[in-house]
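Okay, structure first, notes after.
2 protein chains.
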Amino acid sequence: MNDVRWLNPDELQAWKKFVAVVELLPGVLDSQLQRDAELSHFEYFVLAMLSEAPEQTLRMTGLASATNATLPRLSHVVSRLEKRGFIERTACFEDRRATNAQLTVAGFEKVVETAPGHVTTVRENVIDPLTPEDIADLDRIMGRILGTIDPEHRFNPSALGETQPTA
Amino acid sequence: MNDVRWLNPDELQAWKKFVAVVELLPGVLDSQLQRDAELSHFEYFVLAMLSEAPEQTLRMTGLASATNATLPRLSHVVSRLEKRGFIERTACFEDRRATNAQLTVAGFEKVVETAPGHVTTVRENVIDPLTPEDIADLDRIMGRILGTIDPEHRFNPSALGETQPTA
DNA sequence: AGCCCTTGGTTGTAGCGTCAAGTATTTGGT
DNA sequence: ACCAAATACTTGACGCTACAACCAAGGGCT
Chain Y
1 MNDVRWLNPD
11 ELQAWKKFVA
21 VVELLPGVLD
31 SQLQRDAELS
41 HFEYFVLAML
51 SEAPEQTLRM
61 TGLASATNAT
71 LPRLSHVVSR
81 LEKRGFIERT
91 ACFEDRRATN
101 AQLTVAGFEK
111 VVETAPGHVT
121 TVRENVIDPL
131 TPEDIADLDR
141 IMGRILGTID
151 PEHRFNPSAL
161 GETQPTA
Chain F
1 MNDVRWLNPD
11 ELQAWKKFVA
21 VVELLPGVLD
31 SQLQRDAELS
41 HFEYFVLAML
51 SEAPEQTLRM
61 TGLASATNAT
71 LPRLSHVVSR
81 LEKRGFIERT
91 ACFEDRRATN
101 AQLTVAGFEK
111 VVETAPGHVT
121 TVRENVIDPL
131 TPEDIADLDR
141 IMGRILGTID
151 PEHRFNPSAL
161 GETQPTA
């Protein structure tokens with residue numbers, strides 16, 4: 001029965017800090033965006049992913065992958081953003097089951113004006129406290145964890161090397 | 001106006017992976033605990049922190065710190081766990097404003113029987129994909145981030161070197 | 001003492017996410 | 001050609017969290 005491999009002290013210490021960050025970071029990102037743009041971090045992320053897509057358009061499933069979200073969650077969020085005039089839903093011609101989500105002009109402007117404040121927050125709270133080696137280590141470690149918790153490879157590691165206002 | 005320091009390619013790549021993990025990991029932890037113990041990860045964390053405390057008792061504020069939670073959130077969660085018989089609230093004699101949360105026997109047993117499955121999940125998804133160097137790097141990096149996003153030092157880095165079923 | 005500010009905690013409400021169910025279309029098998 | 005299964009998405013209900021408002025008790029100050 002007791003073949004459980006408990007965490008050793010080093011593992012436990014790292015895990016506790018990691019859990020704390022996972023618990024606290026979303027609040028930090030959300031509150032800045034909520035205060036400055038009345039957007040949750042996830043809403044911003046949806047708009048940002050669309051802003052980088054060709055024609056500012058993505059199918060719902062593709063957008064869900066790009067934002068690490070479930071389809072129901074995305075559907076609700078897109079509905080809200082549609083009501084606020086940032087996104088439009090259009091039918092997909094190749095597959096009539098599918099729905100395209102397209103950024104409106106107002107939505108694109110929203111991303112452009114929101115991005116600087118968001119990037120600044122990310123820098124202050126995550127990037128700038130780290131050295132270049134830390135960044136490389138973080139990338140490697142998160143890549144390894146993603147390899148296990150994202151077995152379907154929903155996460156798309158293809159889009160690299162951008163200086164655009166993704167985040 | 002445009003004094004924004006955008007993320008360079010390395011920073012952007014690491015940030016995207018980090019965000020994906022922060023978005024996906026809670027779901028992984030929650031679903032295992034929900035399935036096997038009908039507990040959210042946060043509920044489990046509350047019980048686990050109490051199980052390690054002297055007398056299995058902590059004041060609400062202390063428990064909120066230990067679990068990186070706000071007081072209203074904790075209050076609601078403790079109410080639920082109290083209804084399920086895992087926690088009891090008792091008055092605090094030194095400060096009559098305060099409330100003590102104490103683990104019941106049933107609550108302690110719940111932690112004991114739930115811990116192995118949880119630790120296994122943590123191992124499989126986070127710890128085991130990493131090398132010992134990765135663990136050290138993760139600890140260092142999360143410590144640096146915590147230093148900025150947790151300025152009031154709610155997070156308590158004192159309790160180290162345990163092999164107990166914290167996680 | 002009397003006042004005010006702070007601290008500790010609870011409660012209500014509103015908003016977001018998850019889960020389950022449902023619809024529409026496409027695909028694959030026969 | 002037909003039917004079952006899979007895919008793409010939406011919807012509704014329920015549960016949890018954040019925020020704000022609130023109450024009670026302590027600590028300082030005069």
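So the protein lines, in turn, are chains Y and F. The first sequence: position 117 = 117 (the numbering used here), numbered continuously. The second sequence: position 102 = 102 (the numbering used here), numbered continuously. Think of the CB as a built atom: it goes at the ideal place given N, C-alpha and C, for glycine as much as any other residue. Note that the coordinates shown come from a computational prediction; the quantities given were computed from them, not determined experimentally.
Top-ranked residue by Cα proximity to F/Leu50, from F/Val119, F/Leu74, F/Phe108, F/Pro116 = F/Phe108
Tell me whether Y/Trp15 sits in a helix, a strand or coil according to DSSP, three-state version.
-> helix
Just list the alpha helix (DSSP H) runs in the region 53 to 77 of chain Y, keeping only unbroken ones of 4 residues or longer that don't cross its boundaries, in chain order.
-> 60 to 66
Look at Y/Leu47 and Y/Val111 and say whether their C-beta atoms are less than 8 Å apart.
-> yes
How about F/Leu103 and F/Ile87: do their beta carbons lie closer than 8 Å?
-> yes
Within chain Y, partners of F/Leu24 - CB distance below 7 Å | Asn68, Ile149, Asp150
Going along chain Y, which residues have a C-beta under 9 Å from F/Leu146?
-> Lys17, Ala20, Val21, Leu24
Length of the line joining the Cα atoms of F/Gln13 and Y/Ala14 | 22 Å
Paired residues, beta bridge with F/Leu138 - DSSP = Note: F/Leu138 sits in no beta bridge, so no partner.
Answer yes or no: does any C-beta atom of chain F fall closer than 8 Å to that of Y/Glu11?
-> yes
Under 8 Å between C-beta atoms of F/Asp134 and Y/Lys17 = no
Go ahead and label F/Cys90 buried or exposed: buried means 16 or more other beta carbons lie within 10 angstroms of its beta carbon, across all protein chains shown.
-> The sequence given here places Thr at residue 90 of chain F; Cys does not occur at that position. With fewer than 16 other Cβ atoms within 10 Å, it is exposed.
Should F/Trp6 and Y/Val119 be called a contact, given that it needs their Cβ atoms to be closer than 8 Å?
-> yes
Can you tell which of F/Val22, F/Asp3, F/Asn8, F/Ser79 has the C-alpha that lies nearest to the C-alpha of Y/Gly143?
-> F/Val22
Taking all protein chains shown into account, do 16 or more other C-beta atoms lie within 10 angstroms of the C-beta of Y/Phe42, making it buried, or fewer, making it exposed?
-> buried
Chain F beta carbons: is any one of them nearer than 8 Å to that of Y/Arg5?
-> yes
By Cβ distance below 7 Å, which residues in the same chain neighbour F/Glu82 in space, the five residues on each side in sequence not counted?
-> Glu88, Arg89
Y/Leu146 versus F/Phe93: straight-line alpha-carbon distance, rounded | 48 Å
For the beta strand (DSSP E) that contains F/Ala106, what are its first and last residues?
-> Per DSSP, F/Ala106 belongs to no beta strand (DSSP E); it is in the alpha helix (DSSP H), 105 to 122.
Please list the residues of the region 102 to 120 of chain Y that have a C-beta atom closer than 9 Å to any C-beta atom in chain F, keeping them in chain order.
-> Ala115, Pro116, Gly117, Val119, Thr120
For the beta strand (DSSP E) containing F/Thr131, list its first residue and its last residue.
-> No beta strand (DSSP E) holds F/Thr131; DSSP gives it neither H nor E.
Sorted by chain position, which residues of the same chain lie with C-beta nearer than 7 Å to Y/Val77's C-beta, five sequence neighbours on each side aside?
-> Phe42, Glu43, Val46
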